[in-house]
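Q:
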Amino acid sequence: MALWLAVFLSGFVLREPAPYELYLAFLTVVWMLFGLKLRAAFGPLIICMLLYIAGGVAALPMASETKDASIYIATSGFLAVTAIFYAAILAERPDRTVLIERAYVASALLVACFGIAGYFHLFPGAGMFTLYDRARGTFEDPNVFGPFLVLPTILLIRHLLVGNASRWLVLPLPILILTFGIFLSFSRGAWGVLVASCLIVYVLLLITERNPVRRLRLIILGALGLVAVVALLGVALSFDSIGDMFEQRAKLVQSYDGARLGRFARYSLGFHMVMERPLGLGAMEFHNYFPEDEHNVYLKGFTTYGWLGGITYLVMVGWTFARLFPLLFKPRPWTPFVHCLFAVLVSHALLAIIIDTDHWRHVYMLFGLSWGLIAADRLERCAFQKKQRANSGQHPINGLALGKGTG
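In structure tokens form, the structure reads like this:
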């Protein structure tokens, strides 16, 4: 129940510090006191997080507002701890993915309902769940609200594709709620993450499914799903307010992207600038040089955490994918969860090229869950190999070890 509540609260970040942070800080301390282990199997995550935060601390003297910069890096440090916490609890018991999935889906459904209610002003005060006529649910920013909903959406879609007929009666409604919430965020990034994640999981299902009948079923369901999406999109766009906002937000390049000092120009100028500053610019300093912030987590890695942090973040992303990828094709009870986790994490890594995801709580959760399952796989293999060695050293007669005398 304690873990379920922690994951559930991750969807409520209207103010900082959020209830999620306060509760998880308490929970982490309690679990550590009761013997939660930091294992070498997810040591790469711990090392990368420590180096990343160390880079941010080293860059603090570069900041003009040391107090604000210190708070920012302290927040990063706490989020790094949350990633390690999730890795530790899954490494210990990978079957906890079931509980985590249920908590995440419950949280996302409630958050999406708040966002939808806010967009349509379904009750007094519901407008607080929108920002600039975009659904934001219980988040500060629609650009975080939308991507947060993607993992539970993908988990449910996968269940629908491979489940029995009874699930077809239960799952469409929650999938519709989550998808509509993502749509009403009018976040191009969230839309892209959803589409990319769906495609990755769908391809993984086709690759790993060896039964031709089931593979044909997947193809048919995929085609029907595409038709349903087009039909629902047509219905949604029939509302003038939705259609107008969609037309505005669906442009691939907005005015603030391609301007002289727009998003894309800042990427190039920012990277040139940090190449001359090994310690970076310091936390929250980029906007003092340019009209807006980085809007690119890889650039932010260098500006806020220096060369040490920027390089470490790139290494952590690549290392995570390299270690998680082989798990996609292993017969484990939690392999379906790995499929969805991998797809969503890859999509977020691509999204991070155009959006700053540095303090997104659920991104740190994704990294932690990934390394928890990587560690669980390694621990299972080590235990199996140890058991094999023990069995091979036992004589089948009289239970005597081979090579040992009777004394």
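Just so we're aligned: the sequence shown equals residues 10 to 416 in our numbering. Every residue, glycine too, gets a C-beta built ideally from N, C-alpha and C.
#1: For Phe17, which of Leu69, Ala49, Leu108 and Pro70 has the nearest alpha-carbon?
#2: Who are the Cβ neighbours of Gly315 in its own chain at under 7 Å, not counting the five residues just before and after it?
#3: At the level of alpha carbons, what is the spacing between Thr37 and Pro221?
#4: Count the CB pairs spanning the stretch 359-375 and the stretch 297-316 that are closer than 8 Å, and state whether there are at least three.
#5: Within 10 angstroms of the Cβ of Ala232, are there 16 or more other Cβ atoms? Answer buried if so, exposed if not.
#6: Provide the residue(s) that pair with Phe148 in DSSP beta bridges, ordered along the chain.
#7: Determine which residues share a DSSP beta bridge with Arg143 and list them.
#8: From Leu317 to Ile55, what does the alpha carbon distance come to, in whole angstroms?
#9: Counting along the chain, where does the alpha helix (DSSP H) carrying Pro181 start and finish?
#10: In angstroms with no decimal places, state the Cα-to-Cα distance between Phe157 and Ile184.
#11: Leaving out the 5 sequence neighbours to the left and right, which residues in its chain are closer than 6 Å to Ala205 when beta-carbon positions are compared?
#12: Considering only the beta carbon of each residue, do Ala15 and Leu33 sit closer than 8 Å?
#13: Quick check: the stretch 123-136 against the stretch 95-102, are at least 3 beta-carbon pairs closer than 8 Å?
#14: For Leu323 and Tyr113, what's the separation of their Cα atoms in angstroms?
#15: Let me make sure I understand the geometry here. Which of Phe330, Gly252 and Leu203 has the alpha-carbon closest to that of Pro53?
#16: Gly201 to Cys207, Cα distance in whole Å?
#17: Can you give the beta carbon distance from Leu182 to Ile191, rounded, assuming they're within the 8 Å contact cut?
#18: So is Gly416 buried or exposed if we call it buried at 16+ other beta carbons inside 10 Å?
#19: With a 10 Å radius around its C-beta and 16 neighbouring C-beta atoms as the bar for buried, classify Met284 as buried or exposed.
#20: Could you tell me the distance, in whole angstroms, from the CA atom of Arg145 to the CA atom of Met254?
#21: Of all the options Ala392, Val179, Trp328 and Ala100, which has the alpha carbon lying nearest to the alpha carbon of Met58?
#22: Within this structure, are the beta carbons of Ala292 and Thr321 separated by less than 8 Å?
#23: Along the chain, where does the alpha helix (DSSP H) that runs through Thr75 open and close?
#24: Please report the distance separating the alpha-carbon of Phe295 from that of Leu60.
#25: Using the rule of at least 16 other Cβ atoms within 10 Å of the residue's Cβ for burial, across every protein chain shown, is Pro161 buried or exposed?
#26: Skipping 5 residues on each side, what residues in its chain have a beta carbon closer than 7 Å to that of Phe338?
#27: Residues in its own chain within less than 7 Å of Lys413 by CB, not counting five upstream and five downstream?
#28: State the Cα-Cα distance for the pair His304 and Asn173, rounded to the nearest angstrom.
#29: Give me, in chain order, the residues of the same chain whose beta-carbon lies closer than 7 Å to that of Pro90; leave out the 5 immediate sequence neighbours on both sides.
#30: Might you give, ordered along the chain, the residues of its own chain that have their beta carbon closer than 7 Å to the beta carbon of Ala100, omitting 5 neighbours on each side?
#31: I'd like the list of long-range same chain contacts for Leu23, defined as Cβ closer than 6 Å, with 5 residues on each side in sequence excluded.
#32: In chain order, what residues of the same chain lie with their CB nearer than 6 Å to the CB of Ser417, ignoring the 5 residues before and after it?
#33: Can you tell me where the alpha helix (DSSP H) with Ile229 in it begins and where it stops?
#34: Grouping DSSP H, G and I as helix and E and B as strand, with all else coil, what is Tyr276?
A: According to the structure data:
#1: Measuring from the Cα of Phe17, the nearest candidate turns out to be Leu108.
#2: So the qualifying residues of the chain are Gly64, Ala67, Ala68, Pro287, Leu288 and Gly289.
#3: Looking at the backbone, the Cα of Thr37 and that of Pro221 are separated by about 46 Å.
#4: Yes: at least three Cβ pairs fall under 8 Å.
#5: By the 10 Å Cβ count, Ala232 comes out exposed.
#6: Looking at the DSSP assignment, Phe148 forms a beta bridge with Val22.
#7: DSSP lists Leu140 as partners of Arg143.
#8: It is roughly 15 Å from the alpha-carbon of Leu317 to the alpha-carbon of Ile55.
#9: Pro181 -> alpha helix (DSSP H) spans Pro181 to Leu193.
#10: It is roughly 14 Å from the alpha-carbon of Phe157 to the alpha-carbon of Ile184.
#11: Excluding sequence neighbours, Ala205 sits near Ser356.
#12: Against a cut-off of 8 Å, the Cβ pair of Leu33 and Ala15 comes out as a contact.
#13: By the criterion of at least three beta-carbon pairs nearer than 8 Å, the stretch 95-102 is not in contact with the stretch 123-136.
#14: Whole-angstrom Cα-Cα distance: 27 Å.
#15: The residue with the shortest Cα to Cα distance from Pro53 is Phe330.
#16: Their backbone Cα atoms lie some 10 Å apart in a straight line.
#17: Contact doesn't hold; Cβ gap of about 15 Å is too wide.
#18: In this prediction, Gly416 scores a pLDDT of 37, lower than 50, which makes its location untrustworthy; the coordinate-derived value is nonetheless stated afterwards. Exposed: under 16 other Cβ atoms inside 10 Å.
#19: Burial state of Met284 is exposed, judged by a 10 Å Cβ sphere holding fewer than 16 other Cβ atoms.
#20: One C-alpha to the other measures close to 15 Å.
#21: Ranking Ala392, Val179, Trp328 and Ala100 by Cα distance to Met58 puts Trp328 first.
#22: The Cβ-Cβ distance between Ala292 and Thr321 does not fall below 8 Å.
#23: Looking at the DSSP string, the run of the alpha helix (DSSP H) that includes Thr75 is Thr75 to Glu101.
#24: Rounded to whole angstroms, Phe295 and Leu60 show a C-alpha spacing of 21 Å.
#25: Under this definition Pro161 is a buried residue.
#26: Residues Thr217 of the same chain have their beta carbon placed closer than 7 Å to that of Phe338, with the five preceding and five following residues left out of the count.
#27: Legend: pLDDT at Lys413 = 45, less than 50; position of this residue unreliable, value from coordinates given subsequently. No residues qualify anywhere along the chain.
#28: When rounded, the distance between both Cα atoms is 42 Å.
#29: For the record, residue 90 in the displayed sequence is Val; it is not Pro. Taken in chain order, the residues that qualify are Thr37.
#30: The beta carbon of Ala100 sits closer than 7 Å to the beta carbons of Arg48, Ala50, Phe51, Gly381, Ala384, Ala385 and Leu388 from its chain, once the five residues preceding and following it are set aside; these are given in chain order.
#31: Scanning its chain for C-beta atoms nearer than 6 Å, with the 5 sequence neighbours on each side dropped, one finds around Leu23 the residues Thr147, in chain order.
#32: This structure cannot settle anything about residue 417, because the visible part of the chain is limited to 10 through 416.
#33: That run of the alpha helix (DSSP H) goes Pro221 to Leu246.
#34: Residue state, collapsed to three classes: helix.
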